Structures are given as structure tokens and as C-alpha cells.
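J.: I am attaching a structure below and will ask some questions about it afterwards.
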Amino acid sequence: MNNFTKTLCSGLILAGLSACGPLNQDGLGTTFLNAGRSLTGIGADDAPATPAISPAVANAAPGDVLLVKIIARDAVAPMTKVAQNGRNITWISPGQVTMAFEDGILVGTRGLDDDLMGVDPIGVRAALNAGGGTAQRRQSFLTSEDQIATRDLTCDITRVGREDVQIIGGARTATKFEEDCKGPALEFKNTYWLAGGEIIRSRQAVSAGVGFIQADQL
């Protein structure tokens with residue numbers, strides 16, 4: 276990334292999540308687990324930090340704001356709900372990045388360098404509700420050649436234990452789960468914190484170029 280692009284990206288990030296960030300020159304050959312560690316400087320077991328943002332954001336529209344951080348970029352933005360179809364919700368940032376979640380599971384992004392084009396998270400939420408289990412995922416990505424690449428993964432969901440989570444509005448006690456996904460050319464580990472049957476915080480993989488997001492439900 277040249278100096279002009281770095282300056283442009285910095286300006287856009289200040290306005291919210293934007294379409295600037297690291298590109299993965301090797302496509303999807305690098306695993307998310309290793310990419311996440313190299314991009315963020317933290318391992319999968321490190322406790323996520325609480326993003327700093329005014330409580331007025333959450334109070335303005337309780338339940339209609341998702342606080343998202345792209346960890347590799349240290350960029351945080353409140354995303355607002357723009358569409359909902361049952362348990363499928365699409366959110367948009369001030370920088371016009373959109374993210375779609377199905378029952379709290381990230382299933383797509385638009386507006387990032389290396390988008391997650393689609394996810395079929397077969398059994399992921401059911402395993403979370405059951406306290407653990409095995410699920411299948413089919414992930415689709417847009418490569419640097421503007422081609423759709425699809426990867427099939429097997430994911431083991433395990434219950435880690437109870438944990439206090441500091442979010443906007445105060446601390447909540449949640450149950451932490453880890454989803455360890457592996458496939459022939461891709462692997463990553465997602466983390467979820469559930470309280471009252473809802474995912475109140477998650478750390479989920481987007482793509483090798485973007486890394487991980489942290490999403491807090493306000």
C-alpha cells in the first residue's frame with residue numbers, strides 16, 4: 276500500500292468502516308488462524324477489548340446498533356440496521372460497508388477489499404444452542420482476480436465456560452463458545468459470547484485479506 280493510499284485509508288477509517296485494508300497476495304492459501312495472528316498481533320485466546328464509544332450511541336436506538344471493529348485496522352464504527360428478514364439482518368456503516376448476519380452468524384460483507392461473499396453455516400447456531408457439537412460451513416470469497424472461490428469446512432463448536440463481558444452499558448455474564456473450523460485449504464477459529472440465548476459479542480473471520488471482526492450487539 277503506497278503513502279497516498281495509506282493517507283486515504285486513514286481518512287476513511289476516521290469516518291467509520293471503509294473499503295481500505297490489507298490485501299492478501301496469495302489468495303486463500305493462508306489460513307485465517309495464522310492470518311489473524313499476524314494482522315492483529317493477538318492470538319485467538321486473547322480477551323477482546325471493549326471498543327471505546329459514547330453510550331449515547333447505544334441509547335439512541337437500542338437493539339438497532341451493532342458496534343463492529345475490524346481488528347486488523349483498529350477501525351470501529353456503529354452499524355445501523357438497514358434490512359431484516361426474520362433472523363437475517365443487514366447492517367451498514369457510515370463508510371457504506373455492509374455486513375449480513377444470520378441469527379448472529381456472519382454470512383456476508385460488501386465494501387471491503389476482500390469480501391466474504393456468502394456463507395452457508397449449516398448447523399452452527401444449532402450447535403451453539405445445544406451447548407456444542409459439529410457443524411458444516413460453505414464459505415464463498417471474492418479473490419484478487421474477481422473470481423468466487425468456495426471452501427467447505429468442518430467446524431467443532433465447544434463450550435469454554437462462563438465469562439464476564441464488558442460492553443456498552445456495563446458488564447454481562449455470558450457463555451463463551453469457540454468454533455474451530457478446518458478444511459483442505461483454510462482454517463480459522465471464531466468465538467461467541469451468548470447471554471439469554473443471544474450472541475452479545477462475537478469475533479468472526481471475514482477473509483484472509485480482512486482478518487477478523489468483533490461485533491457487539493448494543
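Take the position in the sequence shown, starting the count at 1, then add 275; the result is the number in this note's numbering.
Beta carbons: idealized from backbone N, C-alpha and C, even for Gly.
This one's a predicted model, so the numbers in the text were calculated from it and none came from an experiment.
1) If you run the structure through DSSP and keep just helix, strand and coil, what is Ala358?
2) So, using beta-carbon positions, are Arg412 and Asp388 closer together than 8 Å?
3) Ordered along the chain, which non-local residues of its own chain (more than five positions away) have a Cβ less than 6 Å from that of Gly511?
4) Considering only the alpha carbon of each residue, which of Glu473, Lys451 and Gly471 lies closest to Lys464?
5) So within the stretch 330-418, which uninterrupted alpha helix (DSSP H) runs reach at least 4 residues, ignoring any that extend past its ends?
6) Alpha carbon to alpha carbon, what distance is there between Arg348 and Ile475?
7) Along the beta strand (DSSP E) that carries Ile443, what are the first and last residues, could you check?
8) Find out if the Cβ-Cβ distance for the pair Val440, Ile345 is shorter than 8 Å.
9) If Arg478 and Thr466 are in contact, beta carbons under 8 Å, what's the gap, nearest whole angstrom?
10) What are the partner residues of Gly486, as DSSP defines its beta bridges?
11) May I have the straight-line CA-CA distance separating Arg437 from Phe416, to the nearest angstrom?
12) On the three-state DSSP scale, how would you describe Ala460?
13) Let me know the secondary structure DSSP gives Asp421 once reduced to three states.
14) Helix, strand or coil, according to DSSP, for Leu469 in the structure here?
15) Using a Cβ-Cβ cut-off of 6 Å (strictly less than) and excluding sequence neighbours within five positions of Gln414, which residues of its own chain qualify?
16) If the criterion is Cβ atoms closer than 8 Å, does the pair Ala449 and Trp468 meet it?
17) Got a sec? Which residues, its chain only, sit under 6 Å from Arg385 by beta carbon, not counting five neighbours each side?
18) Using the Cα positions of Asn360 and Ser419, report the straight-line distance between them to the nearest angstrom.
19) Please go through the same chain and pick out, in chain order, the residues whose beta-carbon is closer than 6 Å to the beta-carbon of Gly304, but skip the five residues on each side of it.
20) Quick check: Asp339 and Lys356, are their CB atoms within less than 8 Å of each other?
21) According to DSSP, is Leu428 helix, strand or coil?
22) I need the straight-line Cα distance from Ala358 to Ile432, nearest angstrom please.
T.: Walking through what the data contain:
1) Judged by DSSP in its simplified three-state form, Ala358 adopts strand.
2) No, Cβ-Cβ distance for Arg412 and Asp388 is not below 8 Å.
3) No answer is possible for residue 511: it lies beyond the span of the chain, which begins at 276 and ends at 493.
4) For Lys464, the closest C-alpha among the options Glu473, Lys451 and Gly471 is that of Lys451.
5) Runs found: 330-335 and 399-404.
6) Rounded to the nearest whole angstrom, the CA to CA distance from Ile475 to Arg348 is 22 Å.
7) For Ile443, there is no enclosing beta strand (DSSP E), since its DSSP letter is neither H nor E.
8) With a cutoff of 8 Å on beta-carbon distance, Val440 and Ile345 are scored as not near each other.
9) Contact flag correct, Cβ pair sits at about 4 Å.
10) Paired residue(s): Ser482.
11) Put simply, the backbone Cα of Arg437 is about 33 Å away from that of Phe416.
12) Coil, per DSSP.
13) If DSSP states are grouped into helix, strand and coil, Asp421 belongs with coil.
14) Looking at Leu469 - three-state DSSP - the assignment turns out to be strand.
15) Excluding sequence neighbours, Gln414 sits near Val394 and Arg426.
16) Closer than 8 Å, so yes.
17) Hits under 6 Å: Thr373.
18) Approximately 31 Å between the Cα atoms of the pair.
19) Below a pLDDT of 50, predicted positions are generally treated as unreliable, and Gly304, at 32, falls in that range; the measurement from the model is reported next regardless. Within the same chain, no Cβ atom closer than 6 Å to the Cβ of Gly304 is found once the five residues on either side in sequence are excluded.
20) Yes, the Cβ-Cβ distance between Asp339 and Lys356 is below 8 Å.
21) Leu428: strand per DSSP, three-state reduction.
22) Roughly 29 Å between the two C-alpha positions.
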